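Going left to right, the sequence shown walks through residues -31 to -1, 1 to 78 as mature numbering (1 follows the signal peptide of the UniProt record, and there is no 0) numbers them.
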Amino acid sequence: MPRSKLSTPPAMLVVLLSLILLQHQHQVTDAWSLRSSMPDYCYKPPPRSEGICTIEIEGYYYDSAALDCLKYSVGACHLTPGQSFGSQEDCVQTCIRGERKYGHSYYNK
């Protein structure tokens, strides 16, 4: 009985690679649409201080590498401006546009 053309190893490899490339393209498109809809403010670094200070300021900022809102703590003297939110919820609603659901997961409105 003749073998089908898809059962040959090179043909199966081509089909598998095509599926992988399609999935990757979908992920890249989703990441780009998220980036294009996010305010530029969300890509600024958090504030930082120069020198030694005894007073510290805490806040939240969006970390594009972690794709999450993280807490920061800096000295209150000689601050350089940067991205800062008073709460993690404000950061999430502005930069991720979602709400906390379970642990580290967010869902979009």
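Using N, Cα and C, we set each Cβ at its ideal position, and we do this for glycine too. Keep in mind it's a predicted model, so treat the numbers as computed, not measured.
Spatial neighbours of residue i in its chain, beta-carbon cut-off 7 Å, leaving aside the 5 residues before and after
i     : result
Ser33 : Tyr12
Tyr10 : Gln52
Trp1  : Note that Trp1 scores 45 on pLDDT, short of 50, meaning its location in the model is unreliable; the coordinates nonetheless yield the value given after this. Closer than 7 Å at Cβ, skipping near neighbours: no residue.
Proximity below 8 Å, CB of residue i to CB of residue j
i     : j     : result
Gly51 : Arg17 : yes
Simplified DSSP state of residue i, which is helix, strand or coil
i     : result
Thr23 : coil
Cys46 : coil
Ser18 : strand
Chain-order list of residues whose beta-carbon lies under 6 Å from that of residue i (same chain, five-residue window excluded)
i     : result
Glu27 : Ser42
His47 : Ser18, Glu19, Gly20
Supposed contact pair residue j and residue i - C-beta distance, whole angstroms, cut 8 Å
i     : j    : result
Thr63 : Pro8 : 7 Å
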